[in-house]
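S.K.: In my numbering, the protein residues as written are 459 to 537. Structure in structure tokens, see below.
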């Protein structure tokens, strides 16, 4: 996915790769380029769903966890 295709408040499906590979769905609240000591473009997502059979994802939803993923790990923008 390209940075130009993603906007704040878009609902997206993304892959969160910390502690394994987890598919999350959420709302974009920040897009950062070359900030936070990270090179490239990163997307901050408020996790609201995803693969609920994945205990890590269900824990993130229950605890209102936000994640930051590289723009390349955003799979699609949902309607």
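Backbone N, C-alpha and C define an ideal beta-carbon position, used for all residues, glycine too.
1) With DSSP collapsed to three states, give me the class of residue 510.
2) In three-state DSSP terms, what is residue 520?
3) State the DSSP-derived secondary structure class of residue 445, mapped to helix, strand or coil.
4) Taking the straight line between their C-alpha atoms, what separation do you get for residue 467 and residue 525?
5) Taking the alpha carbon of residue 504 as the point to measure from, which residue in 464, 533, 469, 530 has its own alpha carbon closest?
M.R.: Let me lay it out:
1) Residue state, collapsed to three classes: coil.
2) helix
3) With the chain running from 459 to 537 in the structure shown, residue 445 is simply not present.
4) 15 Å
5) 469
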